[in-house]
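Chemist: Residue numbers for the sequence shown follow my numbering, beginning at 319 and rising by one.
Here it is, the structure, as structure tokens.
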Amino acid sequence: MLHKITAIKNPNECEGYVPCMLDKAKTHQIDFFLPDKKMIDPGDDLACSLIPAPSSTPGPSQSKSPNDTEHAKIVLEELDRTKPLIIIAHGHRSWRNQLLLCKFASEISSSLDCHTLRFDFTACGHSKYDNPGGFDCGYGPGADKHKWLYSNFEEDYKDLCRVIDFVQEDLNIHVSCMIAHSQGSAAMFRYAADHDNDDADADANTNAGPLYVNLSGAYYGHTEHKYVDFFSDVFTDRKRREFEVKGRVITEVKGGRKLELKTKDVERRDTFDMHSTIEKIQNAKVLTIHGEKDPLHPVANAHRFDEVLPKENHTMEIIPGANHTYNGFKYAKTMMAKIEEFVRSNTSD
């Protein structure tokens, strides 16, 4: 798979998003497209950004651009396989270069001496969307690649599995932890549920399943999700009325990027049952961090996770005053300390 990756030519900017704020002078990062090994016709490539562990040799071609495909391949080939990797996943209508997630990726790599990998879910950021006969998200082949998909739970899960498979099978590196924000947590928890026995079956000589960090996740189907706020934030009153009449609405947001909403998208989110997933997680270690003032996923969601996950395996941290995205960098230091403590206390040397 390494020979098929291609570099992202302009990884810091993307239509519809705030540019990446990562200091490239201080952080050695490679940005590349990960193709789907199961697809014959390219088009569903996932955009990825990987920061090697500080102690890992970053490759001999320091003079080359970090966007150069051959340089990216060299860096991936020469990564220290003994260092673990942490995957970071974004939320709905976001991307891998979201302000706080970028900061976490850089600082966690440095403080824990590990690799970090962020990626864009399908139809987000630089990740493409062609859907040639795949999961029906409501758009056909050749669909607008600059269009967000709503309640894209199934595709999100497939994307996460592709990234994990690439890290573990192609890079031969252990995924020690996943950090997911908002809707990204749904894919993360499904993976945790499907692989819960990884921890139970692990012995002293085997890498256990990953740790999981849930940032602002929604307990879909059982606690309040403010769908009406989604309309007030994105769509006009005229668009709301159009949706109520036609069952479909499309609008442009953030620099011309499009968002289409259909009745079945709303039904898919409203009927998504997080509980059946969470109750399967009995062995994995989970840290939930939630903003006390989260207006999109109220703090009751965090308490619901705490009620259902085994007490001995779940840690809940509520950040006083924090909103859904934790007010930019305001609480970053506090959150970083909690994540690092969680990882260190649950990782054997």
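We put the beta carbon where it would ideally sit given N, CA and C, even for glycine.
1) Taking just the CA atoms, how far does Gln600 sit from Met506?
2) In chain order, what residues of the same chain have a beta carbon less than 7 Å from the beta carbon of Glu395, not counting five sequence neighbours either side?
3) Between the beta-carbon of Cys495 and the beta-carbon of Ile637, is there less than 8 Å?
4) Check this for me: beta carbons of His433 and Ser374, under 8 Å apart or not?
5) Quick check on this structure: which residue in Val481, Lys356, Leu419 and Asp512 has the alpha carbon closest to the alpha carbon of Cys338?
6) The beta strand (DSSP E) with Ile326 in it runs from where to where?
7) Contact between the segment 589-609 and the segment 637-656 is defined here as three or more beta-carbon pairs at a separation below 8 Å; is this criterion met?
8) CA-CA distance, Val661 and Pro528?
9) Nearest to Asp362 by alpha carbon, out of Thr633, Lys557 and Ser445?
10) Within 10 Å of its beta-carbon, does Ala701 have 16 or more other beta-carbons around it, so buried, or fewer, so exposed?
11) Report buried or exposed for Glu659, applying the criterion of at least 16 other Cβ atoms within 10 angstroms of its Cβ.
12) Met634: which of Arg622, Lys476 and Lys421 sits nearest, CA to CA?
13) In this structure, what does DSSP give as the bridge partners for Glu578?
14) Indicate the three-state DSSP secondary structure (helix, strand or coil) for Arg436 in the structure shown.
15) Going by DSSP, which residues form a beta bridge with His608?
16) If we ignore side chains and look at the alpha-carbon of each, how far apart do Gly502 and Thr345 end up?
17) Please state whether the Cβ-Cβ distance between Tyr297 and Arg587 is less than 8 Å.
18) Taking 8 Å as the limit between beta carbons, can you name the residues of its chain near Met729, skipping five residues before and five after?
19) Leaving out five residues on either side along the sequence, give the residues of the same chain with a beta carbon under 6 Å from the beta carbon of Leu368.
20) Taking just the CA atoms, how far does Cys332 sit from Tyr457?
21) Could you spell out the range, first to last residue, of the beta strand (DSSP E) harbouring Tyr468?
22) Taking all protein chains shown into account, do 16 or more other C-beta atoms lie within 10 angstroms of the C-beta of Phe561, making it buried, or fewer, making it exposed?
23) According to the neighbour-count rule (16 or more other Cβ atoms, all chains shown, within 10 Å of its Cβ), is Gly377 buried or exposed?
24) In or out: Lys391 buried (at least 16 other Cβ within 10 Å) or exposed?
25) Is Ile657 helix, strand or coil by DSSP?
26) Taking 6 Å as the limit between beta carbons, can you name the residues of its chain near Ile728, skipping five residues before and five after?
27) Write down every uninterrupted run of the beta strand (DSSP E) in the segment 367-424 whose length is 3 residues or greater and which is fully enclosed by it, in chain order.
28) Can you tell me whether Asp555 is buried or exposed, with buried defined as 16 or more other CB within 10 angstroms of its CB?
29) Under 7 Å Cβ to Cβ from Ser424, same chain only, skipping five residues before and after it: list those, please.
30) Measuring alpha carbon to alpha carbon, tell me which residue in Leu614, Pro353 and Ile491 is nearest Lys322.
31) In whole angstroms, give me the CA-to-CA distance for Ala510 and Lys401.
32) Nearest to Ile426 by alpha carbon, out of Thr665, Asn664, Ala655 and Ser666?
33) My output table needs one value for Tyr509: the three-state DSSP class, helix, strand or coil.
34) Starting from Ile497 and walking both ways along the alpha helix (DSSP H), at which residues does that stretch end?
35) Nearest to Pro329 by CA position, among Asp438, Phe422 and Asp474, is which residue?
36) Got a sec? Which residues, its chain only, sit under 7 Å from Tyr649 by beta carbon, not counting five neighbours each side?
Modeler: To lay it out plainly:
1) 15 Å
2) Leu320
3) no
4) yes
5) Leu419
6) Segment: none, Ile326 is in no beta strand (DSSP E) and carries neither H nor E.
7) yes
8) 10 Å
9) Ser445
10) Past the edges of the chain, shown from 319 to 667, lies residue 701, and the structure says nothing about it.
11) exposed
12) Arg622
13) Ile568
14) strand
15) Ile636
16) 25 Å
17) As displayed, the chain neither begins before 319 nor continues past 667, which places residue 297 out of reach and without an answer.
18) It is not possible to answer for residue 729, since the shown part of the chain is limited to 319 through 667.
19) Ile348 and Leu435
20) Here Tyr457 scores only 35 on pLDDT, less than 50, and its place in the model is too uncertain to base an answer on.
21) Premise fails: Tyr468 is in no beta strand (DSSP E) and is neither H nor E.
22) buried
23) For Gly377, the pLDDT reaches just 49, beneath the cut-off of 50, and the residue's location in the model is therefore unreliable, although a value from the coordinates is still provided. Label assigned to Gly377: buried.
24) buried
25) helix
26) Nothing can be reported for residue 728, as the shown portion of the chain is limited to 319 through 667.
27) 403-407
28) exposed
29) Leu340, Thr345 and Ile369
30) Pro353
31) 21 Å
32) Ala655
33) helix
34) Looking at the DSSP string, Ile497 is not in any alpha helix (DSSP H); the run it does join, the beta strand (DSSP E), is Val493 to His499.
35) Asp438
36) Ile637 and Ala640
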